[in-house]
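**Q**
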Amino acid sequence: MAGFSEAFRTERGRIDFLSDIREPLRPVSVILDEVEKGGTLGVEDAASLFAWARDPSHRAIIQVAAQRVRDRLAPKAVEFIIPVYLTSFCQNECLYCGYRQSNPLAERIRLSLEDFGKQLDLILSWGHRQIELVLSDDPDFSPAELARYVEATRQKLDALGGGVVALCSPVYEREDYARLRAAGLDWVAEWQETYHQPHFERWHFPGSQKRQFEFRLDIWDRAIAAGISKVALGALLGLYDWRYDALAVIEHGNYLRRTYGLEPHALGIPRLKPARGVLASQKPSRFTVSDEDFRLIVSVYHLAFPRSRLFFNTRESYEFNLSLVAAGDLFTVDCETLPGGYLRRNLPGQFSTHDYPPRREVVNTFAQRGLSCQYLAEETESPRAEAAVPQAMALDLKQWAEEHTVIRERLNDWQAILSWLAIQSGAPAERQAASAALRVILHFFKTFTITHCRSEETALFPALDQDAASAPRLQGFRRDHERLGIDLDRFDRQMSSYALSGDPGVLLTLGDRIIRELREHLDAEEELARNWSSARLADSPQVGQSAGG
Ligand code: SF4
């Protein structure tokens with residue numbers, strides 16, 4: 000079916016031009032006046048606002064006007080929404096995402112319907128009534144399977160007097176959206192990531208499912224054709240020039256108005272944040288969106304779509320979000336991005352999030368601003384949900400120590416290969432032999448060692464976290480794990496360079512550093528575990544062979 004992709008083919012050149020203008024096309028007062036009188040903000044005017052905003056005094060005028068428009072047109076309420084991840088398995092390789100297939104640090108969990116139900120009971124007992132089901136592109140989680148989770152959510156909400164089911168998922172066909180709608184889905188949130196095709200293709204590996212730029216551009220048309228009239232759209236800010244992406248989002252929203260007579264139900268404003276084991280997300284780039292620019296994007300979106308909800312999420316700090324959120328927006332206070340995360344809390348997931356105050360404190364803060372909070376009912380006692388919270392997992396210390404021994408042995412092997420490599424001539428046969436040996440080593444560290452790190456984090460560290468002194472050390476161990484994941488990726492890439500050039504220089508330096516740091520890390524962990532074990536033995540001669548429990 001024809002969709003936005005067709006319209007966008009002729010529009011993107013214009014957006015490219017407009018994203019770069021320095022001189023506004025019309026006076027700021029005229030543009031704001033028209034919008035305040037109910038006019039539509041087209042991409043030319045939005046681009047002019049961005050150009051005006053290069054001057055801070057005009058930026059402030061735009062922000063005040065946006066606030067005024069929202070106060071007048073949007074309901075005096077903020078909607079709460081809570082994301083619930085169903086799976087973290089993914090067949091894609093989006094370079095910015097903690098769940099990309101090759102990230103060895105990602106914990107892979109697919110929630111069974113039963114476990115999902117337990118988690119949902121807990122969330123509902125907290126009062127949440129707007130549930131966003133989120134899933135990565137897991138080939139073993141079909142839309143038909145997903146429909147069962149939608150239906151279960153709908154039934155539980157209806158039993159409590161009603162609520163809303165939203166979805167952020169891989170892209171589906173029209174029939175799939177129809178099936179999900181029939182199961183009880185209310186609205187669909189999808190982000191185009193970036194609307195700039197060359198950069199979209201850079202961020203998404205050749206051959207990956209997600210790399211179908213135009214197929215993705217038409218998700219919203221397919222969902223609407225399936226009868227889902229509430230759709231949210233947006234871009235992941237930081238993947239490309241924010242002016243281009245913000246203008247494309249506005250163009251897309253105006254297309255929905257023109258074509259279907261629909262306002263976007265919501266607009267996503269996710270900003271690229273560090274994710275565990277994701278090199279591309281760790282450092283600022285030329286596309287990093289500053290706080291000031293982020294504020295401006297929020298204001299211009301508010302002006303462009305005064306009745307749509309901006310989706311404030313815990314990628315940003317609570318204080319920052321509070322300073323931006325307006326009447327009629329969506330707000331997240333509880334956010335775990337690991338499937339089952341609400342039963343385990345504070346584990347690394349798809350991306351890093353901020354801690355927020357308790358829900359009721361947030362509700363009171365909004366009340367002081369004259370805003371009510373929707374989709375948050377009174378909290379209820381939930382003995383069943385409490386019972387579902389797993390006890391601290393047990394880890395066998397003996398097995399843990401044996402695994403350290405195995406890792407140390409393989410570190411010795413790695414060191415030996417590097418030493419051998421340092422004295423070779425770099426002839427093709429030698430290169431091939433070294434590469435083959437290193438691949439075996441690398442595979443071991445990416446699988447066995449990373450699995451070991453993950454089980455330490457879930458089973459050992461909670462037990463070792465006994466006093467104020469141990470907390471920063473455990474935090475340091477977690478950072479070491481993350482650095483190891485990234486370093487293994489780096490080493491992998493350097494192996495490819497070595498295979499081509501025959502120069503092992505970088506490989507040797509990097510390998511030596513990884514080996515040295517990993518040995519130091521193992522020493523430090525063992526020391527902390529020894530101290531903990533001695534303290535436990537002193538307290539009780541019966542204890543000492545298992546952590547947690
Ligand atoms: S962004 Fe989505 S599709 Fe891409 S790797 Fe992450 S979870 Fe998978």
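For the sequence shown, position 548 (counting from the first letter as 1) is numbered 547 according to numbering that gives the first Met the number 0, and the numbering increases by one without interruption. Built from N, CA and C at the ideal position, the CB exists for glycine as well.
#1: Quick check: what's the CA-CA separation for Ser322 versus Arg368?
#2: Grab me the residues of Leu521's own chain with a C-beta within less than 7 angstroms of its C-beta, minus the 5 sequence neighbours each way, in chain order.
#3: Using a Cβ-Cβ cutoff of less than 7 angstroms, which residues in the same chain neighbour Pro263 once the five nearest sequence positions on both sides are dropped?
#4: If you measure from the CB of Tyr84, is any heavy atom of the ligand SF4 nearer than 6 angstroms?
#5: What residues in its chain sit with their C-beta under 6 angstroms from that of Phe490, if we drop five residues either side in the sequence?
#6: Could you tell me the alpha carbon to alpha carbon distance between Val288 and Glu5, rounded to whole angstroms?
#7: Sorry if obvious, but does the Cβ on Asn91 come closer than 6 angstroms to a heavy atom of the ligand SF4?
#8: Just the Cα atoms here: how many angstroms apart are Arg383 and Ile20?
#9: Does at least one heavy atom of the ligand SF4 sit under 6 angstroms from the Cβ of Arg314?
#10: Any idea which residues DSSP pairs Gly267 with across the strands?
#11: In the DSSP assignment, find the unbroken beta strand (DSSP E) run with Tyr176 in it and report its ends.
#12: By Cβ distance below 7 angstroms, which residues in the same chain neighbour Glu192 in space, the five residues on each side in sequence not counted?
#13: Just to confirm the assignment: which complete beta strand (DSSP E) runs, minimum length 3, are found wholly within the region 104-170?
#14: Smallest Cα separation from Ser351: which of Gly276, Trp419, Arg285, Arg294?
#15: May I ask whether a heavy atom of the ligand SF4 can be found less than 6 angstroms away from the beta carbon of Tyr194?
#16: Under a three-way DSSP split, which group does Leu370 fall into?
#17: How is Ala387 classed by DSSP in three states: helix, strand or coil?
#18: Spatial neighbours of Ala245 within its chain, please: C-beta separation below 6 angstroms, excluding the five flanking residues on both sides.
#19: Can you tell me which of the three DSSP states Ala225 falls into?
#20: Could you spell out where the alpha helix (DSSP H) holding Val248 opens and where it closes?
#21: What are the boundary residues of the beta strand (DSSP E) that Trp186 is part of?
#22: Can you tell me whether DSSP reads Tyr84 as helix, strand or coil?
#23: Return the chain-ordered list of same chain residues with a C-beta closer than 6 angstroms to the C-beta of Val170, the five sequence neighbours on each side being excluded.
#24: Pairs of beta-carbons, one from the region 98-109 and one from the region 155-168, closer than 8 angstroms: are there three or more?
#25: The beta strand (DSSP E) spanning Val299 covers which residue range?
#26: May I have the straight-line CA-CA distance separating Thr457 from Pro142, to the nearest angstrom?
#27: CA-CA distance, Glu360 and Val29?
#28: Hey, is Lys555 close to the ligand SF4, as in C-beta under 6 angstroms from one of its heavy atoms?
#29: By the 10 Å Cβ neighbour count, where 16 or more other Cβ atoms means buried, how is Val149 classified, buried or exposed?
#30: How far does the beta strand (DSSP E) with Val77 in it extend, from its first residue to its last?
#31: What is the residue span of the alpha helix (DSSP H) that Gly340 lies within?
#32: Let me know the secondary structure DSSP gives Asp217 once reduced to three states.
#33: Can we count Asp488 as close to the ligand SF4, meaning its CB is less than 6 angstroms from some heavy atom?
#34: Taking all protein chains shown into account, do 16 or more other C-beta atoms lie within 10 angstroms of the C-beta of Ser18, making it buried, or fewer, making it exposed?
#35: In this structure, what does DSSP give as the bridge partners for Leu375?
#36: Is Lys75 near the ligand SF4, with its Cβ less than 6 angstroms from a heavy atom?
**A** With the structure as the only source:
#1: 11 angstroms
#2: His403, Ile406, Arg407
#3: Val230, Ala231, Leu232, Gly252, Leu255, Phe304, Ser307
#4: no
#5: Leu509
#6: 29 angstroms
#7: yes
#8: Reliability of the predicted coordinates at Arg383 is poor, the pLDDT of 46 falling under 50, and the value obtained from them is presented with this limitation in mind. Distance between the alpha carbons of Arg383 and Ile20: 59 angstroms.
#9: no
#10: Gly233, Phe310
#11: That residue, Tyr176, is in no beta strand (DSSP E); its alpha helix (DSSP H) goes 173-182.
#12: Phe199, Trp202, Ala234, Leu235, Leu238
#13: 129-134, 163-167
#14: Gly276
#15: No - the ligand SF4 has no heavy atom lying nearer than 6 angstroms to the Cβ of Tyr194.
#16: coil
#17: Confidence at Ala387 is low in this model, with a pLDDT of 40, below 50, so the placement of that residue is unreliable and no value is reported for it.
#18: Excluding residues up to 5 positions away in sequence, Ile296 lie with their Cβ nearer than 6 angstroms to the Cβ of Ala245 in the same chain.
#19: coil
#20: 241-259
#21: 186-188
#22: DSSP places Tyr84 within a strand segment (E or B) once states are collapsed to three.
#23: Spatial neighbours of Val170 in its own chain (CB-CB distance under 6 angstroms, excluding positions within 5 residues in sequence) are listed in chain order as Arg215, Ile218.
#24: Cβ pair count under 8 angstroms is below three, so no.
#25: Premise fails: Val299 lies in the alpha helix (DSSP H), 290-303, not in any beta strand (DSSP E).
#26: 31 angstroms
#27: 40 angstroms
#28: Any answer about residue 555 is impossible in this case: the structure gives the chain only from 0 up to 548.
#29: buried
#30: 76-79
#31: Run containing Gly340: 340-343, per the alpha helix (DSSP H) assignment.
#32: coil
#33: no
#34: buried
#35: His127
#36: no
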